[in-house]
Amino acid sequence: MATLLKMEGFKAVDIAYGGPQALEKMRAKAYALVVSDLKMPQMDGLQLLEAIRAERQLKPTRFLIVTGHVAPADVGTVKR
């Protein structure tokens, strides 16, 4: 995904290996967009989104969840 984003013109693309590391990076640096897998170790994509929305300074960050694994139980709505 990082390579694709760079090819599409995103100048700086960082990679986090799990939700907790993503939150740590986001607290240190502003990001225009977060792309997350739905299924991740430690914290899934919806949990990461909820954590981001719970922090005032991170709340405006755009968020995109992508996955290759979808079951009806995984589909839901997260309030903004």
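Taking our numbering, the leading residue of the sequence shown gets 39, the next gets one more, and so forth. By construction, the Cβ of each residue, glycine as well, lies at the ideal position given by its N, Cα and C atoms.
Around the beta-carbon of Gly57, 16 or more other beta-carbon atoms lie within 10 Å, marking it buried.
When the Cα atoms are used, Leu102 and Ala89 turn out to be separated by approximately 14 Å. DSSP places Ile103 in the uninterrupted beta strand (DSSP E) bounded by Arg100 to Val104. Beta-bridge partners of Val73 (DSSP): Leu102. Closest in C-alpha terms to Met78, from the list Leu43, Gly106 and Lys44, comes Gly106. Secondary structure note for Gly56: it is in no alpha helix (DSSP H), with a DSSP letter that is neither H nor E. At a Cβ-Cβ threshold of 7 Å, Lys63 and Ala54 count as neighbours. The alpha-carbon of Leu96 is positioned some 17 Å away from that of Asp82.
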